[in-house]
Amino acid sequence: MAYDHLDQQFQDIEEVLGKEMEQQAIQVAILDLKDVYDKFQRKGSSSEQRIANGRVTGVAWTTIHQVEKIEAFVQRTPEAANKVGERLYVGPMELKVTYETCELHRVNFSVDLDSLYKTPSGDIVYALDKVEVDERNVWQLVINVTLTGGFTASFKSKGFRIRTKPRAARHDCQKNGNDDLSSNANKRKRKDSGLSSPSRKDSVSSQASFEVPSPYSVLTDYLEAQRARIENLTVVNLMQTRRGDIAYHLNLTEATRRRPDLEEGDVIAFLANSKTGKTEIEKLSHENTQNAMMAGVISRSAYLNANTPSNDFAKGTTDTVCVIGLVKVKVLGTVQNGERVYVSLNKPGVAVPETQIPLRPMADRTPTLLGQAMESKDSHSQDEVHLIQCFVSVVLGIQSGQIANAINNLQEKMQGTFEDVMIEERSRWLSGLRWKVLLFIVIAVLLSVVLYMFLAPGTWFQKLRCEKGRIKGHSAYFEFVSWDRQYPKVYGIEFTWQNLIDKLDLQECKRYNASGMHYYLNLARCEYFEKIVLDHKPQIRGPEIFAVDANCSKVFYVECEIQKWTQYTSARNIRCYP
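Numbering follows this note's numbering, with no gaps: position 95 of the sequence shown is 82.
This is the structure in structure tokens:
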């Protein structure tokens, strides 16, 4: 039992030593990882800040198994992630690995830092913090190497910083012959040009009474500094700068603080915080456009930043909005120099030239004027976004909003007046329409009655039509037994034979070949268009025409097709009038 315990300990030691040996047998080297990478503005369908020259190469080699797979990830360093917290994305995010050369125990690979821009959830991978930039904007690569034997080792690179590409330094002063400007000879107290040089005696007395000036009263012809803090600045003549606008720091909304994705030229919305009542800004979108009080443009070229935060803690909670001046604006589609640019209603967050403004307001919204384009740009696609130099003024947006409101009020007033007139005219028309409708109903009823009398069977008009041309006062009546054992009653009115055949258009029929015969029209068949059975009416049967002999004792019916008269053998109750 004691030996078994020792064997187990030896196996555990061998397993640990084996893993350490495999770990030491895998090596990874990053060959050309820089200390600092710059971000630049890429123009296209959407403006993005991408990493310049972000390709990194490396090599992985092993002395035991063959390399099966290499995975690469980018993430903020733990120290930077702790400082950033949850406001910005910290990673890790996987990079695509390109295998350059593959040997048995050596693989050369490369990754491109610029191949990533946003995560699937929409977070910007390399979002830069605006405070403590040297400590918070630091990333590192994580390389995972998997061998064919199943063993995996992980390696972390050194930290590298990502920053916004700095602008090239330019000096307005000429350097030729002015090298002595920075010397102590120029740090002197200025002399009054109206005084002559003092005598030697005066000089001695002056030196005796001379007081060393305070450092705050020293004047200089030229001063160059990276940073300066000045309590009160007075400019006597001209202040020159290559930057073109004045910007104000405004508070960001809570959502924008968590995801600071505002870039130069973005069109932003001024929103009122429902809790504090203060104004905050965020990128204009379909969700906030209805609540936007006015619009502005993010500036990165201001020569004067006003309303700056008073402490470092508040620096990440604001951003600079152009109040007035020349600034880059994200404009959609083709724009011409001199065109006014407005807030886009279809694609919030960018501007559109006035030629793309719809003639009618969309969803009761009128576009806000931002400024005027100072350059032209042709676009192959109306969805392409360009950074265009524009003159922007918040005052223009406020004035355009006031003018739009005044026009809307005027339109509403005119609309109200027009509606009142329409209501009055409609009331008059409806009042007259009631009488017209009543008259129409009466006429329609009368017309329906007339049409019914003329067209419906069994009406008095049909009776008058059938009796036309008869021998007045002459009629006949009889009953007979039908084939189905019915006893129809037939009533006829007398006509002369010629009138009867003319009335019924029976020219092919011949009269009965006997003297003293009387000819009759079946009145019920004529009135009801020869229908045999009528709903809820007695049966209409019997011949269309019939004849009765001179003694009123026999009844005959005719079949015109065969020119044959046949006697009703079952006829009874035969009566003739008179």
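Note that beta-carbon positions come from the ideal geometry of N, C-alpha and C, so glycine has one too.
Item                                                                                                                                                                         : Value
If you run the structure through DSSP and keep just helix, strand and coil, what is tyrosine 554?                                                                            : Checking the displayed sequence, the identity of residue 554 turns out to be glutamine instead of tyrosine. Correct three-state label for glutamine 554: strand.
In terms of residues, what are the limits of the alpha helix (DSSP H) holding phenylalanine 142?                                                                             : No alpha helix (DSSP H) holds phenylalanine 142; the beta strand (DSSP E) holding it covers 139 to 143.
Spatial neighbours of methionine 440 within its chain, please: CB distance less than 8 Å, with the 5 preceding and 5 following residues excluded, ordered by chain position. : Thr446, Trp447 and Phe448
State the start and end residues of the unbroken alpha helix (DSSP H) segment that holds glutamate 481.                                                                      : Where glutamate 481 is concerned, there is no enclosing alpha helix (DSSP H), although the beta strand (DSSP E) it sits in stretches over 476 to 482.
How would you call cysteine 89, buried or exposed, if buried means at least 16 neighbouring beta carbons within 10 angstroms?                                                : exposed
Who are the near neighbours of glutamate 241 in its chain, counting only those whose CB is closer than 7 Å to its CB and skipping five residues on each side?                : none
For the alpha helix (DSSP H) that threonine 446 lies in, which residues bound it at each end?                                                                                : Here threonine 446 belongs to no alpha helix (DSSP H), and DSSP marks it neither H nor E.
Can you tell me which of Thr228, Val77 and Ala16 puts its alpha carbon nearest to the alpha carbon of serine 141?                                                            : Ala16
Between glutamine 653 and the rest of its own chain, which residues show a CB-CB distance below 6 Å, the 5 nearest in sequence each way excluded?                            : Since the first residue of the chain shown is -12 and the last is 565, residue 653 is not available in this structure.
Could you compute how far the alpha carbon of asparagine 171 sits from the alpha carbon of histidine 236?                                                                    : Annotation note: pLDDT 45 at asparagine 171 (below 50); position unreliable, coordinate value reported separately. Looking at the two C-alpha atoms, the distance is approximately 39 Å.
By a C-beta neighbour count over all protein chains shown, 10 Å radius and 16 as the cutoff for buried, is lysine 400 buried or exposed?                                     : exposed
Examine chain B for any beta-carbon lying closer than 8 Å to the beta-carbon of lysine 265, and answer yes or no.                                                            : Reference to chain B is not applicable here, since this structure consists of a single protein chain.
Distance check for serine 462 and tyrosine 564, CA to CA, integer angstroms please.                                                                                          : 5 Å
Do the stretch 80 to 87 and the stretch 113 to 123 touch if we need at least three Cβ pairs shorter than 8 Å?                                                                : no
For cysteine 513, which three-state DSSP category applies?                                                                                                                   : helix
By the three-class DSSP mapping on this structure, what secondary structure does tryptophan 48 have?                                                                         : strand
Starting from alanine 242, trace the beta strand (DSSP E) in both directions and tell me its first and last residue.                                                         : Run containing alanine 242: none in the beta strand (DSSP E); it sits in the alpha helix (DSSP H), 241 to 245.
Assign histidine 367 to one of two classes, buried (16 or more other C-beta atoms within 10 Å of its C-beta) or exposed (fewer than that).                                   : exposed
Closest by CA to alanine 501, which one among Ala534, Glu371 and Gly231?                                                                                                     : Ala534
Is the beta carbon of leucine 20 less than 8 Å from the beta carbon of valine 43?                                                                                            : yes
Quick check: the stretch 245 to 262 against the stretch 222 to 231, are at least 3 beta-carbon pairs closer than 8 Å?                                                        : no
Assign isoleucine 410 to buried or exposed, taking buried as 16 or more other Cβ atoms, counted over all protein chains shown, within 10 Å of its Cβ.                        : exposed
Which stretch, first to last residue, makes up the beta strand (DSSP E) that contains valine 322?                                                                            : Taken as a continuous stretch (DSSP letters only), valine 322 belongs to no beta strand (DSSP E), as it is neither H nor E.
Alpha carbon to alpha carbon, how far is isoleucine 38 from alanine 360? Give it in angstroms, no decimals.                                                                  : 29 Å
To which residues does DSSP link tryptophan 643 through a beta bridge?                                                                                                       : Summary: the structure shown does not reach residue 643, with the chain confined to residues -12 through 565, and so no result is reported for it.
Under the DSSP definition of a beta bridge, which residues are partnered with glutamate 546?                                                                                 : Lys551
Examine the Cβ distances between the stretch 370 to 385 and the stretch 305 to 314 and report whether three or more of them are shorter than 8 Å.                            : yes
Give the DSSP bridge partners of tryptophan 367, in chain order.                                                                                                             : Here the sequence assigns histidine to residue 367, which means tryptophan is not the residue at that position. Paired residues: none, contrary to the question.
How would you label tyrosine 544, buried or exposed, when you count the other beta carbons within 10 angstroms and need 16 or more for buried?                               : buried
Are the beta-carbon atoms belonging to valine 132 and isoleucine 13 less than 8 Å from one another?                                                                          : yes
Going by DSSP in three states, arginine 559 sits in which element: helix, strand or coil?                                                                                    : strand
Answer with buried or exposed for phenylalanine 516, where buried requires no fewer than 16 other C-beta atoms within 10 angstroms of its C-beta.                            : exposed
Between Arg214, Gln127 and Leu249, which lies nearest to glutamine 36 when the distance is taken from Cα to Cα?                                                              : Leu249
Per DSSP, what are the beta-bridge partners of lysine 83 in this structure?                                                                                                  : Paired residue(s): none; lysine 83 is not in a bridge.
Look at the Cβ atom of valine 339, then the Cβ atom of lysine 317, and state whether they are nearer than 8 Å.                                                               : no
With distances taken between CB atoms, is the gap from valine 610 to alanine 59 smaller than 8 Å?                                                                            : Here the chain covers residues -12 to 565 and nothing more, so residue 610 does not appear.
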